[in-house]
Amino acid sequence: MTKPLLLIDADVLAYQACAGAEKTICFEEDSCFPMCSLTDAIGAFNYKLGFILDTLGVDRYLLCFSDEGGNNFRRAIFPQYKSNRAGKPRPVALKFLREHFIKAEGATLFPRLEADDVMGILATHPKRNHETIIVSIDKDLRSIPGKFFNLGHPEEGVHEISVEDADYWFMMQALMGDATDGYPGCPKFGPATAAKALKDVPKTIKDMWPVVVAAYEKAGFGEDYALLMARMAHILWHEDYDFEKQRGKLWEPK
Numbered sequence: 001m002t003k004p005l006l007l008i009d010a011d012v013l014a015y016q017a018c019a020g021a022e023k024t025i026c027f028e029e030d031s032c033f034p035m036c037s038l039t040d041a042i043g044a045f046n047y048k049l050g051f052i053l054d055t056l057g058v059d060r061y062l063l064c065f066s067d068e069g070g071n072n073f074r075r076a077i078f079p080q081y082k083s084n085r086a087g088k089p090r091p092v093a094l095k096f097l098r099e100h101f102i103k104a105e106g107a108t109l110f111p112r113l114e115a116d117d118v119m120g121i122l123a124t125h126p127k128r129n130h131e132t133i134i135v136s137i138d139k140d141l142r143s144i145p146g147k148f149f150n151l152g153h154p155e156e157g158v159h160e161i162s163v164e165d166a167d168y169w170f171m172m173q174a175l176m177g178d179a180t181d182g183y184p185g186c187p188k189f190g191p192a193t194a195a196k197a198l199k200d201v202p203k204t205i206k207d208m209w210p211v212v213v214a215a216y217e218k219a220g221f222g223e224d225y226a227l228l229m230a231r232m233a234h235i236l237w238h239e240d241y242d243f244e245k246q247r248g249k250l251w252e253p254k
């Protein structure tokens, strides 16, 4: 039997590797600068990659990177998307590490898409001839059906996510929003409140979406705003990507 293909969130590995390899050099008391050996950062990246391969017993993988060209399709309809990260310092070697691995064999990115979307599209490809396992620390990937390995909690092993559970997590995210990504969701909705709203509701978009809309309307917003937040939360599936035009399709309730 063919071993699964690991779809690895390379953004996470690259950031962690560069941040871990970075040092602060001070020439005088008030003159300190970040410095990083690219060789050290590459070594840290490969160490993390090796840990994943050894833990899962798999040697087939694809490093999935985000396109950082600035034309993210979510930001086009919601300019505040990830705006809270603007101006924050990044590891000094991150740009160069990305370039190194993007040029290497076994890496991919899609124009205007984030790594999450790349993994979501590939994992839900209807004609793929191999099993896939998404590897990431990002909880948003729980909205993709299939196998998921949480790199932040490797002791949990591989999770099997059904279509119903994926849709449920997507609707949870549409209600809660994501402060890290800069979209607010429905006011006063956290994990417990969102779970309570969706309790005993069948785990289908058809049944859960009216509940989400009702929550936004009760908070003083309309369905259009609920749809905007859902589009921010939605990680693309294969059917949500136009390969010819190389762009994501905006999510619509079904």
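Read in order, the letters of the sequence shown correspond to residues 1 to 254 in the working numbering.
Note that the Cβ used here is the ideal one computed from N, Cα and C, for glycine as well.
Note that the structure is a prediction, hence the values are computed from the model and not measured.
| Item | Value |
| --- | --- |
| Under 9 Å between C-beta atoms of residue 175 and residue 192 | no |
| Per DSSP, cross-strand counterpart(s) of residue 151 | DSSP output for residue 151 lists no bridge partner at all. |
| Which residues DSSP lists as bridging residue 107, in chain order | 63 |
| Residue 116 (DSSP reduced to helix, strand or coil) | helix |
| Residues near residue 141 in its chain [Cβ-Cβ closer than 6 Å; skip 5 each side] | 134, 148 |
| C-alpha gap between residue 52 and residue 19, whole angstroms | 19 Å |
| Three-pair Cβ contact test at 8 Å for the segment 213 to 225 versus the segment 100 to 112 | no |
| Rounded C-alpha distance that separates residue 78 from residue 27 | 43 Å |
| Exposure label - residue 66; buried when at least 16 CB within 10 Å | buried |
| Whole-angstrom distance between residue 72 and residue 248, CA atom to CA atom | 9 Å |
| When 21, 54, 180 are compared against residue 34, the one with the closest alpha-carbon | 21 |
| Beta-carbon proximity list for residue 182, same chain, < 8 Å, skipping 5 on both sides | 80, 81, 82, 83, 84, 85 |
| Contiguous beta strand (DSSP E) assignments of at least 3 residues, all confined to the segment 118 to 191 | 132 to 136, 146 to 150, 158 to 161 |
| For residue 30, the residue or residues it bridges with in DSSP | Partner(s): none; residue 30 has no beta bridge. |
| Three-state secondary structure (DSSP) of residue 206 | helix |
| Opposing strand residues paired with residue 8 [DSSP bridges] | 63, 135 |
| Residue 25 (DSSP reduced to helix, strand or coil) | strand |
| The segment 92 to 102 contacting the segment 32 to 50, beta-carbon criterion three pairs below 8 Å | yes |
| Neighbourhood of residue 8 by C-beta, 6 Å cutoff - its chain only, sequence neighbours within 5 removed | 61, 63, 135 |
| Residue range of the unbroken alpha helix (DSSP H) whose run includes residue 46 | 38 to 56 |
| Bounding residues of the alpha helix (DSSP H) (the contiguous stretch that carries residue 221) | That residue, residue 221, is in no alpha helix (DSSP H); it is neither H nor E in DSSP. |
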